[in-house]
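Read top to bottom, the protein sequences are chains A and B.
Heads up, the first sequence is in the numbering used here, so the first residue is 24 and it goes up one at a time.
Heads up, the second sequence is in the numbering used here, so the first residue is 24 and it goes up one at a time.
2 protein chains.
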Amino acid sequence: MEDIKQIGIIGLGLIGGSLSLTLQAKGWKGKIVGFDASEEHCQQAISLGIVHEISAPQTWQNCDCIIVAIPIDAAEKIMPSILDSISAHQVVMDMGSTKASLCNTVKDHPKRSRFVASHPMWGTEYSGPSAASSRAFEGKSAVICDQEASDADAVKLVEDIYKALGMHILYMRSDDHDVHAAYISHISHITSFALANTVLEKEKEEDAIFELASGGFESTVRLAKSNADMWVPILMQNRDNVLDVLNEHISQLRKFKSCLEKENYEYLRELIYQANSIKKIIH
Amino acid sequence: MEDIKQIGIIGLGLIGGSLSLTLQAKGWKGKIVGFDASEEHCQQAISLGIVHEISAPQTWQNCDCIIVAIPIDAAEKIMPSILDSISAHQVVMDMGSTKASLCNTVKDHPKRSRFVASHPMWGTEYSGPSAASSRAFEGKSAVICDQEASDADAVKLVEDIYKALGMHILYMRSDDHDVHAAYISHISHITSFALANTVLEKEKEEDAIFELASGGFESTVRLAKSNADMWVPILMQNRDNVLDVLNEHISQLRKFKSCLEKENYEYLRELIYQANSIKKIIH
Numbered sequence: 024m025e026d027i028k029q030i031g032i033i034g035l036g037l038i039g040g041s042l043s044l045t046l047q048a049k050g051w052k053g054k055i056v057g058f059d060a061s062e063e064h065c066q067q068a069i070s071l072g073i074v075h076e077i078s079a080p081q082t083w084q085n086c087d088c089i090i091v092a093i094p095i096d097a098a099e100k101i102m103p104s105i106l107d108s109i110s111a112h113q114v115v116m117d118m119g120s121t122k123a124s125l126c127n128t129v130k131d132h133p134k135r136s137r138f139v140a141s142h143p144m145w146g147t148e149y150s151g152p153s154a155a156s157s158r159a160f161e162g163k164s165a166v167i168c169d170q171e172a173s174d175a176d177a178v179k180l181v182e183d184i185y186k187a188l189g190m191h192i193l194y195m196r197s198d199d200h201d202v203h204a205a206y207i208s209h210i211s212h213i214t215s216f217a218l219a220n221t222v223l224e225k226e227k228e229e230d231a232i233f234e235l236a237s238g239g240f241e242s243t244v245r246l247a248k249s250n251a252d253m254w255v256p257i258l259m260q261n262r263d264n265v266l267d268v269l270n271e272h273i274s275q276l277r278k279f280k281s282c283l284e285k286e287n288y289e290y291l292r293e294l295i296y297q298a299n300s301i302k303k304i305i306h
Numbered sequence: 024m025e026d027i028k029q030i031g032i033i034g035l036g037l038i039g040g041s042l043s044l045t046l047q048a049k050g051w052k053g054k055i056v057g058f059d060a061s062e063e064h065c066q067q068a069i070s071l072g073i074v075h076e077i078s079a080p081q082t083w084q085n086c087d088c089i090i091v092a093i094p095i096d097a098a099e100k101i102m103p104s105i106l107d108s109i110s111a112h113q114v115v116m117d118m119g120s121t122k123a124s125l126c127n128t129v130k131d132h133p134k135r136s137r138f139v140a141s142h143p144m145w146g147t148e149y150s151g152p153s154a155a156s157s158r159a160f161e162g163k164s165a166v167i168c169d170q171e172a173s174d175a176d177a178v179k180l181v182e183d184i185y186k187a188l189g190m191h192i193l194y195m196r197s198d199d200h201d202v203h204a205a206y207i208s209h210i211s212h213i214t215s216f217a218l219a220n221t222v223l224e225k226e227k228e229e230d231a232i233f234e235l236a237s238g239g240f241e242s243t244v245r246l247a248k249s250n251a252d253m254w255v256p257i258l259m260q261n262r263d264n265v266l267d268v269l270n271e272h273i274s275q276l277r278k279f280k281s282c283l284e285k286e287n288y289e290y291l292r293e294l295i296y297q298a299n300s301i302k303k304i305i306h
């Protein structure tokens with residue numbers, strides 16, 4: 024990080040804001056400029072210490088790195104013009120939850136090699152500058168995709184940023200990333216949304232239902248608070264993978280349904296034993 | 024709690040163990056005797072300070088209250104003989120996750136009025152005495168079912184115990200409890216089990232998939248570690264209600280599927296907005 028004197032962040036919400044606050048909390052002393060399409064977010068970002076200055080990305084010639092942390096549909100829209108505007112020593116990175124579509128959009132851009140596609144595997148169900156945390160990212164994985172399409176110095180700069188945040192770095196093809204993200208992130212959001220809607224539907228008849236809600240319910244349903252502006256574009260862009268996983272998930276649920284319908288409790292027990300082996304993965 | 028000098032706990036796992044440790048941590052000074060079908064659990068319970076003494080429930084004439092904290096199928100099996108064995112001043116309470124079947128089993132027992140059916144809405148995905156916590160239950164709801172079938176002094180004693188744990192108490196019919204529990208607890212477990220199996224299925228092909236697992240995934244899938252010995256009987260006993268909710272949940276998931284298939288992103292956004300209103304319930 025000692026080579027990095029100034030960064031510019033487009034999008035001062037949960038992810039961009041947390042990146043800035045955590046880098047500062049870890050002791051990085053560089054200058055941080057920022058921009059957000061929401062005037063309110065810009066003001067909050069200044070008062071929360073997320074950025075030192077709000078300015079237009081077109082004026083960021085002094086930034087070593089421009090970090091794009093906005094919903095992926097918006098990122099895809101502005102990325103070509105950001106690449107148009109940078110000079111040869113600058114690096115652009117994004118932090119979006121899908122990678123193949125964005126990488127495809129910029130693949131023939133003359134400055135493609137100054138762009139590094141990445142995805143830090145951290146987030147919460149909250150959004151906006153006020154949700155940003157100075158203790159984010161630590162101990163989680165950051166994925167860098169299609170690294171061979173980026174210049175070595177650009178990749179190194181992005182690695183340095185993620186390492187400064189305390190993350191460990193994985194490398195994969197953007198296509199593979201999107202398949203994996205569908206399994207370990209996108210489907211969790213759909214099940215939470217659907218579970219919330221299942222219970223909210225019932226609540227129309229029965230007021231008291233939520234008085235019983237316990238920790239287990241809260242944990243499976245908390246992602247249902249996630250922001251539609253972020254998630255609709257993710258599910259759109261990763262539609263094919265998400266549909267594959269959703270079909271598999273519905274068919275796994277149908278196995279539970281069939282066990283109950285047929286009163287086949289031996290098989291139900293087996294399904295639960297199988298599920299228990301998730302213990303080896305999450306602790 | 025000052026009237027209660029001695030309690031006996033059948034089942035020294037997560038729930039029975041946490042009840043004992045939390046009562047002691049809150050300053051209750053009475054004697055606690057216990058029993059567990061597992062010899063290993065009995066030894067652990069002694070060494071962890073969960074009980075002062077292991078003895079047979081038939082010898083618990085000095086207990087003001089006998090607390091049954093074992094899987095609900097086992098509870099239902101032993102409850103009639105426990106009621107047979109108690110004298111008129113003793114109280115029996117259970118802590119199981121379904122209530123209608125047990126209440127039905129004992130409804131004509133001559134000592135039915137000494138039994139209080141209850142369900143504290145607290146738990147974790149772990150089991151056994153070693154999972155017991157001295158900071159359990161606090162701030163959660165405890166449900167007392169069919170209270171009119173129990174003597175007033177018996178209900179008061181059970182209320183005193185739950186209040187001593189820091190819980191607030193709800194009253195409902197056992198049938199209603201089971202409907203509500205299907206919505207805010209049992210379905211969460213099924214979705215977690217099914218989600219774990221969905222991802223574990225994919226893992227057979229792809230080693231790397233779990234390297235990306237983040238907090239969101241862990242939170243939706245953590246209940247999948249839950250014990251089959253506890254959950255098969257719950258899902259058996261609450262079969263009809265759970266099937267209703269599971270059918271509703273699958274149809275909610277199908278709405279997401281259909282949005283993606285038809286690329287109807289306006290409706291997808293609406294479904295997410297609907298789900299977001301879970302915010303008013305969980306904070």
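We put the CB at the ideal spot given by N, CA and C, even for glycine.
### Task
Could you spell out the range, first to last residue, of the alpha helix (DSSP H) harbouring Cys65(A)?
Glu62 to Ser70
### Task
Report the three-state DSSP secondary structure of Tyr206(A) (helix, strand or coil).
helix
#### Entry: Members of the segment 217 to 230 of chain B that neighbour chain A once the beta carbon cut-off is set at 9 Å
Ala217, Leu218, Ala219, Asn220, Thr221, Val222, Leu223, Glu224, Lys225, Glu226 and Glu229
### Message
Mapping the DSSP letters down to three states, classify Tyr296(A) as helix, strand or coil.
### Response
helix
### Val166(A) beta carbon less than 8 Å from that of Arg137(A)
no
### Message
Tell me the DSSP secondary structure of His75(B) in three-state form.
### Response
coil
### Query
Can you find at least 3 beta carbon pairs, one from the segment 222 to 238 of chain A and one from the segment 117 to 129 of chain A, that sit closer than 8 Å?
no
### Message
Among Cys86(A), Ser120(A), Ala219(A) and Asp107(A), whose alpha-carbon lies nearest the alpha-carbon of Pro94(A)?
### Response
Ser120(A)
### Query
How is the beta strand (DSSP E) around Lys49(A) delimited, first residue to last?
First-last for Lys49(A): undefined, no H or E at that position.
#### Entry: At least three beta-carbon pairs within less than 8 Å, the segment 191 to 200 of chain B to the segment 154 to 165 of chain B
yes
### Query
When you compare each of Ile89(B), Ile101(B), Ala251(B) and Pro80(B) to Ile27(B) by their alpha carbons, which one comes out closest?
Ile89(B)
### Task
Examine chain B for any beta-carbon lying closer than 8 Å to the beta-carbon of Ala92(A), and answer yes or no.
no
#### Entry: Residues sharing a beta bridge with Asp263(A), DSSP
In DSSP, Asp263(A) forms no bridge with anything.
### Query
Going by the CB atoms, is the gap between Ala92(B) and Leu42(B) shorter than 8 Å?
yes
### Message
Distance check for Glu293(B) and Arg245(A), CA to CA, integer angstroms please.
### Response
18 Å
### Whole-angstrom C-beta distance between Ala217(B) and Asn264(B), which should lie under 8 Å
About 18 Å; that fails the 8 Å criterion.
### Within chain B, the residues that Phe240(A) reaches when beta carbons sit closer than 7 Å
Ile207, Ser208 and Ser211
### Message
Excluding the 5 residues flanking Ile55(A) on each side, which residues of the same chain have their C-beta closer than 7 Å to its C-beta?
### Response
Ile30, Ile32, Ser43, Val74 and His75
### Query
Using the C-alpha atoms, what's the distance from Pro143(B) back to Cys168(B)?
11 Å
### Neighbour list for Ser173(B) in chain A, Cβ cutoff strictly below 7 Å
Simply none; closest approach about 20 Å.
### Message
Below 9 Å on C-beta distance, what does Asn299(B) contact in chain A?
### Response
Phe216, Ala219, Ala247, Lys248, Ser249, Asn250 and Ala251
### Task
Express the C-alpha separation of Ile305(A) and Glu241(B) in angstroms, rounding to a whole number.
7 Å
### Query
Nearest chain A C-beta to Gln275(B) closer than 8 Å, yes or no?
yes
### Query
To the nearest angstrom, how far is it from the Cα of Ser211(A) to the Cα of Ala247(A)?
9 Å
### Message
Only counting the same chain, and skipping five residues up and downstream in sequence, which positions put a Cβ closer than 6 Å to that of Asp174(A)?
### Response
Ser136
### Message
At the 8 Å Cβ level, is Gly146(A) part of the contact set with chain B, yes or no?
### Response
yes
### Of the listed residues Ser215(B), Val255(B) and Ser61(B), nearest to Ile273(A) (C-alpha basis)
Ser215(B)
### Task
At 9 Å on the CB atoms, spell out the chain B contacts of Ser164(A), in chain order.
Glu234, Leu235, Ala236 and Ser237
### Query
Which runs of the alpha helix (DSSP H), 4 residues or longer, sit entirely within the segment 98 to 181 of chain A?
123 to 129
### Query
What distance in whole Å lies between the Cβ atoms of Ile207(B) and Ile295(A), which are believed to be in contact at a cut-off of 8 Å?
Their Cβ separation, rounded to whole angstroms, is 20 Å, which puts Ile295(A) and Ile207(B) out of contact at 8 Å.
### Query
Roughly how many angstroms separate the alpha carbons of Gly39(A) and Ala155(A), rounded to a whole number?
8 Å
### Rounded separation between Ala111(A) and Ser61(A) - CA only
30 Å
### Task
Tell me Met195(A)'s beta-bridge partners as DSSP assigns them.
Cys168(A)
### Message
Looking at chain B, is there any beta carbon in it that lies within less than 8 Å of the beta carbon of Ile27(A)?
### Response
no
#### Entry: Residue burial classification, Ala146(A) (beta-carbon count within 10 angstroms, cutoff 16)
Note that residue 146(A) is Gly in the sequence shown here, rather than Ala. Result: buried.
### Query
Does DSSP put Cys282(B) in a helix, in a strand, or in coil?
helix
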